[in-house]
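Here is the structure we will look at, set down as C-alpha cells.
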Amino acid sequence: MTMKWKGWALATGALAFSATAMAAPPSAEMISFACAGCHGTNGGSAGLTMPSLASQSKTAIVDAMKKFKSGERPSTVMGRLAKGYTDADFDAMATFFSKQKFHPTTQAVNAAKVKKGEALQEANCSRCHLEDGKEGKDDTPVMASQWLPYLQMQMDLYQSGARKMPEKMAEKVKPLSKEDLDALLHFYASVK
Amino acid sequence: MTLDRRSFLKLVGAGAGAAGAAGLPMIGMAAELMPKSGRRVVVVGGGYGGTIAAKYVRMLDKSIEVVMIERNKQFVSCPFSNFYIAGLTNDMNSLTIGYDKLAANHGVKMVYAEVTGIDPAAKKVVTDQGTLDYDRLIVSPGIDFRTEEIEGYDAKTAEIFPHAWKAGAQSTLLRNQLQSMKDGGTVIISMPLTPYRCPPGPYERSCLIAHYLKTHKPKSKLILLDANPDVVSKKPLFTKAWSTYYKDNFQYIGGKKITKADTGAKLVSVEGIEDFKGDVINLIPPQRAGDIAVKAGLVGDDKKWCPVDAVSFESTKHKGIHVIGDATALPSDGPPMPKSGYSANSQAKVCAMNVVNLLNGKETIEFSGINVCYSAISDHESVSIAQVFKLEGGKIKSSATAISPADFSLGKAEHAYGESWLKNILTEMST
Numbered sequence: 000m001t002m003k004w005k006g007w008a009l010a011t012g013a014l015a016f017s018a019t020a021m022a023a024p025p026s027a028e029m030i031s032f033a034c035a036g037c038h039g040t041n042g043g044s045a046g047l048t049m050p051s052l053a054s055q056s057k058t059a060i061v062d063a064m065k066k067f068k069s070g071e072r073p074s075t076v077m078g079r080l081a082k083g084y085t086d087a088d089f090d091a092m093a094t095f096f097s098k099q100k101f102h103p104t105t106q107a108v109n110a111a112k113v114k115k116g117e118a119l120q121e122a123n124c125s126r127c128h129l130e131d132g133k134e135g136k137d138d139t140p141v142m143a144s145q146w147l148p149y150l151q152m153q154m155d156l157y158q159s160g161a162r163k164m165p166e167k168m169a170e171k172v173k174p175l176s177k178e179d180l181d182a183l184l185h186f187y188a189s190v191k
Numbered sequence: 000m001t002l003d004r005r006s007f008l009k010l011v012g013a014g015a016g017a018a019g020a021a022g023l024p025m026i027g028m029a030a031e032l033m034p035k036s037g038r039r040v041v042v043v044g045g046g047y048g049g050t051i052a053a054k055y056v057r058m059l060d061k062s063i064e065v066v067m068i069e070r071n072k073q074f075v076s077c078p079f080s081n082f083y084i085a086g087l088t089n090d091m092n093s094l095t096i097g098y099d100k101l102a103a104n105h106g107v108k109m110v111y112a113e114v115t116g117i118d119p120a121a122k123k124v125v126t127d128q129g130t131l132d133y134d135r136l137i138v139s140p141g142i143d144f145r146t147e148e149i150e151g152y153d154a155k156t157a158e159i160f161p162h163a164w165k166a167g168a169q170s171t172l173l174r175n176q177l178q179s180m181k182d183g184g185t186v187i188i189s190m191p192l193t194p195y196r197c198p199p200g201p202y203e204r205s206c207l208i209a210h211y212l213k214t215h216k217p218k219s220k221l222i223l224l225d226a227n228p229d230v231v232s233k234k235p236l237f238t239k240a241w242s243t244y245y246k247d248n249f250q251y252i253g254g255k256k257i258t259k260a261d262t263g264a265k266l267v268s269v270e271g272i273e274d275f276k277g278d279v280i281n282l283i284p285p286q287r288a289g290d291i292a293v294k295a296g297l298v299g300d301d302k303k304w305c306p307v308d309a310v311s312f313e314s315t316k317h318k319g320i321h322v323i324g325d326a327t328a329l330p331s332d333g334p335p336m337p338k339s340g341y342s343a344n345s346q347a348k349v350c351a352m353n354v355v356n357l358l359n360g361k362e363t364i365e366f367s368g369i370n371v372c373y374s375a376i377s378d379h380e381s382v383s384i385a386q387v388f389k390l391e392g393g394k395i396k397s398s399a400t401a402i403s404p405a406d407f408s409l410g411k412a413e414h415a416y417g418e419s420w421l422k423n424i425l426t427e428m429s430t
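Chains as they are written, first to last, in numbering that gives the first Met the number 0: chain P, 0 to 191; chain S, 0 to 430.
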C-alpha cells in the first residue's frame, strides 16, 4: 500500500469502507488478545486450571505451542488451537506474553507444605527455576503463583508419562516422594 | 432542560413513529447526558462483546473517552446457565457480574439506561435518560426473538413456555418448572433453525436436563425438537452422549420446526400437522439481532442480522457504527464464527483495536481470533470445540476447527477447564 493511496482514501472517506482491502497483517497484540478469553487479560489467569502466560519466557511459550501442535505435549483444546497458527504467530504471541507483568495470585495453600516445599525447591529445582520459580528463562516456565489445581494437573501428566519431563528435571524428580512433589507445588503456588 | 422519564418516553415514542423505519426519535428534544469534550467511543450493551470492547479501547488508548450504556446493573451469563437450570448449581452467583470494577479499573463511564434510538448522521445515541454524542459507536446488542414466526406467541408466552435463551429470570423460571414437574412428566425443548445464539447450547441443555430427570425424576422423559434436519453442532459428541447416558429417557427428533404455540393446551405444533404435548415446554424461538439493531437500521436485507466489515466491524449500513457479537453477519469463507460468548469476546478486541486505529488515523489490522466453547454432557464430563479464525480474501475463515475426541477420554479434564473458562472470561469482562 502506498501513502498516496491512503491519503486519497482518507480524504474521500473511502478508507472506512475499504478497510478490509487496506488492513495490515495481524500484529502481536491482535493475535495474543484472543488468548485472554481463557488465559485472562494480558495472560493473567483467574481460572484454577488455566496457567498464567504473563511474563513467561519467549522460548517457553514457543516451545509449548510447538509441542501442542505436534501432539508431543498432551492437551485438550491447545493442540487443536495450535494447528491454526504458524511459527511466526507463535513467535508473535510469545513475544507479547513475555513482555507482560508477572501475575501474582492469592490462593489457599498449606503452610507446612509451603515450608517443606521451599527447602526442596532450593535443593533441587533452583538452578533452572530461578527466583523461586518467578523468573522464566529459556524453556523453563514461570511456576510462581500458578494455580495449584493447574500445577497438580501438569504434575499428574508428568507422573503418568503423558507429558515428557526434560532430562534434567526427570533426574531431580525421580528421588522425590509424592508428598515432596505436593509440597513443592504448594510452595510455587504461594510465591508472589 | 429537565424532563421526567415518562414524558420523555412519550416524546421518544411519538418521534419514533414519525421517523418511521429509520427509528430516529426526536432527539432534539432530549437532554444531553454528558457533553462530549474530546474523542468518545460509546458502547451499547454490557455483555460478552460490549464489556470487552469498552475495556480494550481504554487499554489501547487512554485519551479516548469510553461510555458504556447498559440497561441492567448486572449481567448474567448464558454460558453455564444450563448448569443452573438443570439443578447442578444452586444459584446464579458464578454467572453474574457487575460493572463497578471495570469502570474503576479502566475509566469506563457507565450509563444505566435503555437505548431507544441511534442517529448515525448526528452521531448520537438516544436513551430514556437523555442523549450521548459519539465519534464512533460500538453496538453489541445480542439477540431478540422472531416470535412473529410462531402463531399464538404473545407477550405472555415466554412466562409459560420459557426460552431461557437470555439468562436470568427466564433461567429461574425453567428451573422451577422442571423442579415442580411431577415424575412421569414430559419435557420438550424446541430449538430453531440456524443461525441462532450458541449452536451447541440446546444440545448441552438436553444432556443436562436429561441428567436431571434421570437422577431426580426417572419416570419422566425429554424430547428435543430440532428445527434443523440434523444436529448442527458437535454432532458425534452429543449423539454419543445421548446414546450412552440418556437412551432411556431422551429422544431427539430432527426437522421439527415449531410454527404454533398453545400455552393453554400445553402444546407446540409443526406446520399444523403434528402436535407435541409437554408438561414443561422450553420453546426457544428463532432469532435475529437485538431490537436496537433493528430499530437503528443496522440489519441487512434479511432483516435479521447486521452485515459488517470483516476488519473494523463497521456496519455496511451506517458509517461510524460498529456491530459485534451474536448480532453480526460477518463475511465468511466456509462455516462462520459461531454466535458464542467467546466469538463476541474475540470480535470485541478486533473491533476495539481497529476503532482506535481509525480514530487515530492509523492503518487497520487484519482479524485474528478464537472461539472455544465447552458443553457439559453430564454432571462431571464436558466436551469442547476449539477454532482459530483469520482473514483471507476479505472474509473470515477458520484456520483450525476441531472437537473433543468421541471416546470422552478428556471429559473430566474438560469439565474442569470449562469452569476455568467461565471464571477467566467473566473476570476479563468485569475487572
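Glycine residues also receive a C-beta, built at the ideal position from the N, C-alpha and C atoms.
All of these numbers come straight from a predicted model, not from anything done at the bench.
Proximity to residue i [Cα-Cα], best of the options
i	options	result
P:M142	P:H38, P:M29, P:S54 and P:G39	P:S54
S:L177	S:I280, S:E273 and S:L409	S:I280
P:A122	P:E134, P:G135, P:L183 and P:K163	P:L183
P:C127	P:H38, P:V61 and P:E170	P:E170
S:T258	S:P235, S:D225 and S:V230	S:D225
P:P50	P:G160, P:K112, P:L150 and P:S97	P:L150
P:N109	P:I30, P:A87 and P:D181	P:D181
S:L297	S:H317, S:V310 and S:F312	S:H317
S:V354	S:D378, S:Q386 and S:D308	S:D308
P:S56	P:P140, P:T40 and P:I30	P:P140
S:K213	S:D247, S:P199, S:A240 and S:M190	S:D247
S:Q128	S:E31, S:G46 and S:I187	S:E31
is_contact[residue i, chain S] using C-beta, thresh 7 Å
i	result
P:M154	no
P:K66	no
P:C37	yes
P:P24	yes
P:G160	no
P:T1	For P:T1, the predicted structure reports a pLDDT of 41, less than 50, and the residue's modelled location is therefore unreliable. A value from the coordinates is still provided. Output row for P:T1: interface = no.
P:D179	no
P:W4	Low confidence applies here, because P:W4 scores a pLDDT of 44, under 50, leaving its location unreliable; read the following figure in that light. So, not an interface residue.
P:A13	Note that P:A13 scores a pLDDT of 46, beneath 50, so its modelled location is shaky and nothing firm can be said.
P:A79	One detail in the question is off: residue 79 of chain P reads as Arg in this sequence, not Ala. Yes, contact with chain S.
P:T94	no
P:A33	yes
P:T104	no
P:V141	no
Those residues which DSSP pairs with residue i across a bridge
i	result
P:C127	P:C127 is not bridged to any residue.
S:S383	S:Y373
S:G116	S:V125
S:N281	S:I188
S:S367	S:K389
S:E273	S:V269
Minimum Cβ-Cβ distance from residue i to chain P less than 7 Å
i	result
S:K61	no
S:W420	yes
S:Y341	yes
S:L87	no
S:K348	yes
S:N423	yes
S:V43	no
S:S408	no
S:E203	no
S:A412	yes
S:T426	yes
S:S345	yes
S:Y439	In this structure chain S extends from 0 to 430, so residue 439 of chain S is not present and cannot be described.
S:K72	no
S:Y47	no
S:Y416	yes
S:S170	no
Item to complete: May I have a chain-ordered list of the alpha helix (DSSP H) segments no shorter than 4 residues that lie completely inside the stretch 213-263 of chain S?
Response: Within the stretch 213-263 of chain S, the runs of alpha helix (DSSP H) at least 4 residues long that lie entirely inside it are, in chain order, 234-244.
Worksheet item: At what residue ranges does the stretch 64-100 of chain S contain a whole run of the beta strand (DSSP E), taking only runs of 3 or more?
Response: Within the stretch 64-100 of chain S, the runs of beta strand (DSSP E) that reach at least 3 residues and sit entirely inside it are, in chain order, 64-69, 73-75 and 95-97.
Fill in: Every unbroken beta strand (DSSP E) within the stretch 286-360 of chain S, with a cutoff of 3 residues, ordered by chain
Counting only runs of 3 or more, we get 286-288 and 320-322.
Worksheet item: Residues in the stretch 44-72 of chain P with C-beta within 7 Å of chain S's C-beta atoms, listed in sequence order?
Response: For the stretch 44-72 of chain P, the beta-carbon criterion of a distance under 7 Å to any beta-carbon of chain S is satisfied by S44, A45, G46, L47, T48 and M49.
Worksheet item: What alpha helix (DSSP H) runs, 4 residues minimum, are completely inside the stretch 130-198 of chain S?
Response: Taking only runs of at least 4 residues, the alpha helix (DSSP H) segments lying wholly in the stretch 130-198 of chain S are 156-159 and 168-179.
Discussion item. Using a Cβ-Cβ cutoff of 7 Å, what residues of the stretch 313-334 of chain S are near chain P? List them in chain order.
Written reply: For the stretch 313-334 of chain S, which is checked against every Cβ of chain P, the residues closer than 7 Å are E313 and K318.
Fill in: Contacting positions in the stretch 365-386 of chain S - beta carbon closer than 8 Å to chain P
If the cut-off is 8 Å between Cβ atoms, the stretch 365-386 of chain S has E365, F366, S367, G368, I369, V371, S383, A385 and Q386 near chain P.
Worksheet item: According to a CB-to-CB cut-off of less than 8 Å, which residues of the stretch 353-364 of chain S neighbour chain P?
Response: From the stretch 353-364 of chain S, only N353, L357, G360, E362, T363 and I364 have a Cβ closer than 8 Å to chain P.
Worksheet item: Between the stretch 128-143 of chain S and chain P, which residues of the former have a C-beta closer than 7 Å to a C-beta of the latter?
Response: Going along the stretch 128-143 of chain S in chain order, one finds no residue with a Cβ nearer than 7 Å to chain P.
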